[in-house]
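Structure, as structure tokens:
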Amino acid sequence: MLEEIRLDEDLRLGEPWTLLVWDDPVNLMTYVTFVFTSYFGFPRSKAEHLMLQVHTEGKAAVASGSREEVERHLEAMHGYGLQATMQQAG
Amino acid sequence: MKVLGEFTRRDGAIHRRFTRSERKMIANLAGGLAETLDQAGELDSYEDPVLLRLLPVAAPDDPDASAEFASATRERLAGGKAEGARRLVADLEAAPDGRVRLDDDEAVVWLKALGDLRLALAERVGFESLQASHGPQAVIYGWLTWLQGSLVEALEDRPDA
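Here the protein sequences line up with chains A and B, keeping their order. Read in order, the letters of the first sequence are residues 1 to 90 in our numbering. Read in order, the letters of the second sequence are residues 1001 to 1161 in our numbering.
See below:
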């Protein structure tokens, strides 16, 4: 017996999530760079670039991925005391 | 307040000697912070600005995702921060003549805890007030800032870096 298969035309893979780090007056620039190199393993140049972006533009997108991945990074950033949030792209 | 020197790296570890008054001051601040964090389970972050800063809203545009993140992580994050604050106190109490010796992992625990103390102080007193004043809280904040910066430098000062 054939089952009727209905295709859900609206089904789509979840949009990726983005991790944002926001500027705050307390965290030291050297500390933020340290967090980006030691936690994410970014090369120093990339870590410093992102840190300066946070400092001058007020925020930077530091990572993206599935919700689970970004939540894991977000928990780590809050552990370091950085002002971080997540948002869904799109 | 008599202030001793920076953190220095030697013999594979990071060292600094703390005066009695420095130890007492950190113990007071860290003890208070740990107690605040112990209440994170009962208090909504919005009820305490320090908790709101240390355990921020995950996704301001998405209340559901924020609530799910908080229920999954809040207890663990608050517990980790309280443990870090108590670690500072315990390490200072155990330090012979105030001489603290930290390996890199221990130094990162210190780095986070010193940062949390600064964030809490700035939230309680107000960052602008701390910048504008020369009062005791501003002096303590300035000293903690210098101390944390010194610890970052010592951590970065690795032969393989």
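Beta carbons: idealized from backbone N, C-alpha and C, even for Gly.
Residue pairing by DSSP places B/Ile1140 opposite no residue, since no beta bridge is assigned to it. A distance below 8 Å separates the beta carbons of B/Arg1118 and B/Leu1144. Within the segment 22 to 35 of chain A, contact with chain B at the beta-carbon level (separation under 7 Å) is assigned to Pro25, Val26, Asn27, Leu28, Thr30, Tyr31 and Phe34.
Contact of B/Phe1007 with chain A is not assigned, every C-beta pair being separated by 8 Å or more. Rounded to whole angstroms, the Cβ separation of A/Trp22 and A/Lys59 is 5 Å, and the two are in contact under 8 Å. Between the segment 1064 to 1080 of chain B and the segment 71 to 80 of chain A there are three or more C-beta pairs closer than 8 Å, enough to call the two in contact. Taking all protein chains in view, the Cβ of B/Arg1076 is surrounded by fewer than 16 other Cβ atoms within 10 Å, so the residue is classified as exposed.
Using a Cβ distance threshold of 8 Å, B/Asp1116 and B/Leu1055 do not count as a contacting pair. Within the segment 1136 to 1155 of chain B, the residues whose Cβ lies closer than 8 Å to any Cβ of chain A are, in chain order, Thr1145, Gln1148, Gly1149, Val1152, Glu1153 and Leu1155.
Listed along the chain, the chain A residues whose CB falls inside 7 Å of the CB of B/Arg1118 are Val26.
Around B/Asp1061, the beta-carbon contacts reaching into chain A at under 7 Å are Gln87. Remark: three or more beta-carbon pairs, one from each stretch, lie closer than 8 Å, so the segment 1146 to 1156 of chain B and the segment 22 to 42 of chain A are flagged as touching.
The C-beta separation of B/Ala1107 from B/Leu1151 comes to about 6 Å, placing the pair in contact by the 8 Å criterion. In the DSSP assignment, A/Ala63 falls outside any alpha helix (DSSP H) and lies within the beta strand (DSSP E) extending over Lys59 to Gly65. Comparing alpha-carbon positions, the option among B/Ala1013, B/Ala1095, B/Ala1058 and B/Glu1006 lying closest to B/Asp1103 turns out to be B/Ala1013. If you check the CB distance, B/Pro1049 and A/Thr85 do not come in under 8 Å.
When the five nearest sequence neighbours on each side are left out, the beta carbons in the same chain lying within less than 6 Å of the beta carbon of A/Met77 are those of Ala84, in order along the chain. Look at the segment 40 to 55 of chain A: it has no residue with a C-beta under 8 Å from a C-beta of chain B.
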